[in-house]
Structure formats: structure tokens, C-alpha cells
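Heads up: the sequence shown runs through residues -15 to -1, 1 to 476, numbered per mature numbering (1 follows the signal peptide of the UniProt record, and there is no 0). Please read the structure below before turning to the comments.
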Amino acid sequence: MLWTIPFWLFKLVIAVSEKPNSLSSHFAISSYNGQQHDIVNVKLYTLGNSTIKAQITNIGNEHLHLVKSGSILDENRPTYKVNVEGKRSARFTGVRVDYIVSHLSTDAFVQLAPNQTIESVFDVARSHDLIPGERYSAVASGHLDYILSTVPNVFSSVAYTSNKVTIDAPPISNKAITSRATLTACGGQYSDAMRQALDRVAKMAIAAAQEAREGGERLKVYFGSDSPEVRKQVANRLDAIADEATSKGTVNYFCQDTKQECYGNIAALTFPYENRIINCPPYYDTPAVADQCHYLDQAGLSLHEFAHATSVYRPGAIDVAYGYDAVLKLNTQDALQNADSFAYYANSVFLNCAEDVEKAPVQPNGKPTGNGADRSSNTGQQQNAETGGTGSVSNGQQAQPAVPDSGVPDPNGGWGALTPGDYTSQFNPDGNGVQSTQAPSNINDIATVENPAYDQMRQDWNNGQYVSGVDGFDDNNNPIFGDNGSYNAAL
């Protein structure tokens, strides 16, 4: 199979992800601890023409394990290491590295003890389109992801800004001249995988663009605003991605590596100026379809990369932050230029991830609904969410029965089995009825109401039974039961 995808500006490297162990973030088990300052110092020196030596010193008190892949420490790839300015612009033509921190291999890190200095030597002409003989200034300004030896599963980020140096572009370009290769070994399972991924990208982008045009709470969650301008920008980029995923482009998409260019546990390589994208073997270890909120499967990763492409929508998005938790911390300006923000927003819309929107509908079996979600009929195992069924629950008002996929209402008007980790309904001690939440491992974590009825509910929860028909609470925080008059009926 030969698929073609148009990318214009970025040369992208994507790190592989295995199937996630949780729904919490793109980074699976690992967590992200935000950005730190005054931990490293970066100093630049010129070595002649456009070659620069960067010295990175640990000025903190902790032993750091720095992620070198994609950073200023990545000497083997032409990554974005310095900001280049001159009389005439120097366009970045190098490689963007996208990785999932929990799946980085050991060779993706470099250790840096307190007061230790390491060096990185690189040629700016490999990453920027320098005009021969022109003079430019260069400053290294960015961030380095790292972990501490004492906390190996928590990633943090340290910001840095170096001194300014002057470089001269070489009289003749240092860029390697390569011939264009055409790969034909794209049949069988590779063909099916790519067709499914691109089809899903289009569906995700179409759904997300439609919701973005309407605005709402989810758009505020991911982009900090649902103003007309934000709606327009988000919808337009997603529309362009949907069009691109369903049309033939200008870059050849290769399903296998024929030049031994895949190394370091990367999943794919994109060379925009050579008109080729390469899938590396680990790419196919990423789940093709995960149907899990806050996790990017193959289609989600592809949508992320489409967001980078300047030929798809100008300007192309960059990588301000990775992962669900980090994405939600961005302001509007940063979110609108962050590729992962579009990918996670599309994931949330496509799967209708209810926890991202207070009043989003929830499927009766406890899984988020929406295009592509894993919907199964579980009559009798349902939930009345805050807006569940055909009505809402509020101070003493009767909630209508939830309707499962079969279209048959639960005759008990109840919630069915309450399993830790699934969605359930919470007894609200403030008298506001029942609201949707995700079930913790123990009902004691939900709320505390000092009365025998609630103690019995807690006991029934732990016994694997369920509660149903609660209309709300009286003035003494005692539950008011519905028509069936029972909250502890066994399944």
C-alpha cells in the first residue's frame, strides 16, 4: 500500500505508546509535575560557521535524568535547538520529536549530577534553511523534561534561556542530498492499519470541528474560552485535518523502514522536504483503536501530527505541552498553537468524555458515549446521571428512568451495578440530589452522611449491591426514595 499525507513544515519523530494502563493521561502510568526554574544553566559557544557547542550545567541539588530525545541534547537529529534571527528569516526545516514519557527507552535519557556539565555540539544549518554567507544570531530558549532518581515516575520540566551568539551560514549548504525512495511493501495488515487510522482521524476531526463551532464547556476546558474567535480557529484547523485525512496528499507514506532510519524506540519519521513519511516497527504496537478518554491511539497520534502540518492549516501547531494533564493547564494562546490540545479535544468529543463537561451525557453502562465509543446494551445496569435518562435530578424532584441502548427504560428507575472505576451516582449531602461522578474504590470516598440509611447504602455498595430511586435528600440529609421505595435491591 502507498498512502500519501501532505506535511509541509515539520520533520516529525513520534515515540511509541503501548496500550495504556489507565485513562488518566497520554503518559499512562507516569505523571507530570509542571515546570521548574533555576535548575540548569545553558551556555552557547560558536565553533565556526554555523556550528554551536552548548554546555548544560546542573546548578541544582538533585541528580537529574534529562530527556535528550528531541531536545538541545539530541545531537543526532536536527531538532529545534536555537532561535535563529537575521536580516532574512531562517526557516526551520528540521525534526520535531513527539514522545510519550512513560515509554521512553533508557537511551533517550542522559544523567546530570549536581554541578556536572555536559556538552552538545550541533550545526544550525542542518535544522534551518540558512542563506549561504548570511550572518545570524542564535539563542537557546526552551525546556528540558527530566525525572529525579528518587522519583522515577514523575516527570518535570525545567525552562532555560542561554546567551546570544553570532553564527555565519556556510558558503555552501551543509544539508545532505538524498534521493527520493518509493516503498511498495505496504500491503496486507499495514494497508488495513493505515486505512483505519486515517478514516478514524477524519471522523474525530469532523465531530470535533462541529462541536467547536457551537462552543460550550468542553471548548473552555481545552482552550480556555469559547469566544467566536476561538471557535473559528479550532473548527477551521480541525476541518482542514478532516479534509487532509480523506484526500491524497503530496508526501509518500511508507509502511516500513528501508534505510535503517528507525532507532531509539521511535514509531514514525516524517521528512517533508523529501516527501516521505516512514512508519517504524514500534508504530504498530500502539493501539489502533483504544476508545479510552484522555489517551491517544494511532488515530489520535496521527491527528496530532496533522495539526503540526503547515500545508494543512497555517500556521502549523507546535508542541507547547504533552499529555492530558499538561494540556488542561495551558492558557488560550498556548492551547491554540499546541498540537496535543487539538488531539485531546478531538478525543474527548469523539468519545464524549463526560468528565470533561459537567453536563455531558453518559452511556448507561458507565462508558462515555459518542462516535466510535464501545457501546453495549446492559439493560438493568444503568445510571441516572445529572442529565441521565429523560430528566434531571434536583431537590426532591423525581428523575426519569435511564434508557439503555436497547431503548427499554430500566423498570426500577435505578442505576444498576456500581463497580469501582465505573461511573455511578453520588449522594450529595448538600441537598442537591444526585450528580454524576466516577466511582472511587470505596464509597467512603464519595461523601459522609451521619445516618443509618446512608450506612446501609455504604454496606450495600461494598457487598456489590446497588441503590436506585433516590430523589434527593430531606432537611436532615436523609435520602428520599423514589417509586420503587428501595435502595438496596440485590442484582
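Even glycine gets a Cβ: it sits at the ideal position worked out from N, Cα and C. None of the values given here were measured: they were computed from a predicted structure.
Close Cβ partners of residue i (< 6 Å) along its chain, the five nearest in sequence each way excluded
i, result
"Tyr207", "Ser326 and Tyr330"
"Ile24", "Gly45 and Val143"
"Thr433", "In this predicted model, Thr433 has a pLDDT of only 33, less than 50, meaning its place in the structure is not dependable; the value taken from the coordinates is given anyway. Cβ neighbours of Thr433 beyond the five flanking positions: none."
"Ala170", "Its pLDDT being 46, under 50, Ala170 is placed unreliably in this model, and the value from its coordinates should be taken loosely. Within the same chain, Ala170 has close Cβ partners Gln241."
"Ala182", "Gln283, Ala284 and Ser287"
"His48", "Ala98 and Ser134"
"Ile303", "Gln322"
"Asp319", "Val305"
"Gly275", "Sequence check: residue 275 is Ala here, not Gly. Taken in chain order, the residues that qualify are Asp282."
Counted within 10 angstroms of its Cβ, other Cβ atoms place residue i as buried (16 or more) or exposed
i, result
"Thr91", "exposed"
"Lys314", "exposed"
"Asn323", "buried"
"Pro267", "buried"
"Tyr248", "exposed"
"Ser126", "exposed"
"Gly173", "exposed"
"Thr243", "exposed"
"Glu70", "exposed"
"Gln101", "exposed"
"Pro120", "Looking at the sequence shown, residue 120 is not Pro but Arg. The residue in question, Arg120, is exposed, as its Cβ has fewer than 16 Cβ neighbours within 10 Å."
"Asp130", "buried"
"Gly55", "buried"
"Ser287", "buried"
"Lys53", "buried"
"Ala197", "buried"
"Gly285", "buried"
"Asp177", "exposed"
"Arg299", "exposed"
"residue 537", "The structure shown has nothing for residue 537, since the chain only spans -15 to 476."
"Asn250", "buried"
"Ser74", "exposed"
"Arg216", "buried"
"Arg81", "buried"
"Glu199", "exposed"
"Thr151", "exposed"
Same chain, Cβ closer than 8 Å to residue i, five either side skipped, listed in chain order
i, result
"Gly79", "Lys(-5), Arg62, Pro63, Thr64, Tyr65, Arg111, Ser112 and His113"
"Ser210", "Leu204 and Thr317"
"Gly201", "Asp211 and Val342"
"Asn68", "Ala123, Val124, Ala125 and Ser126"
"Leu32", "Lys38 and Val106"
"Pro156", "Pro117 and Gly118"
Own chain residues within Cβ distance below 7 Å of residue i, not counting five before or after
i, result
"Thr135", "none"
"Asn356", "The predicted position of Asn356 is uncertain, since its pLDDT is 30 and thus under 50; no value can be drawn from it."
"Asp180", "The sequence given here places Arg at residue 180; Asp does not occur at that position. Counting only Cβ-Cβ distances below 7 Å, and skipping sequence neighbours, we find nothing."
"Asn148", "Lys28 and Leu29"
"Glu60", "Ser105, Val106 and Phe107"
Residues bridged to residue i (per DSSP)
i, result
"Tyr298", "The partner list for Tyr298 (beta bridge, DSSP) is empty, contrary to what the question assumes."
"Ala193", "Beta-bridge pairing links Ala193 to no other residue."
"Ile152", "Tyr121"
"Ile44", "DSSP output for Ile44 lists no bridge partner at all."
"Ala39", "Leu29 and Ser105"
"Tyr145", "Gly127"
"Ile132", "His50"
"Phe239", "Ile263"
Heavy atom of the ligand FAD within 8 Å of residue i beta-carbon
i, result
"Leu89", "This structure lacks the ligand FAD; in fact it carries no ligand of any kind."
Just list the beta strand (DSSP E) runs in the segment 55 to 120, keeping only unbroken ones of 3 residues or longer that don't cross its boundaries, in chain order. 68 to 71, 80 to 83, 94 to 97 and 102 to 108
Assess, as a yes-or-no matter, whether the segment 137 to 152 is touched by the segment 95 to 102 under the definition of 3 or more beta carbon pairs within less than 8 Å. no
Quick test of the definition: if touching needs 3 or more C-beta pairs under 8 Å, does the segment 184 to 192 touch the segment 219 to 227? yes
Note down, one range per segment and in chain order, each alpha helix (DSSP H) of at least 4 residues found wholly within the segment 261 to 347. The segment 261 to 347 contains these whole alpha helix (DSSP H) runs: 283 to 293, 309 to 312, 317 to 320 and 324 to 336.
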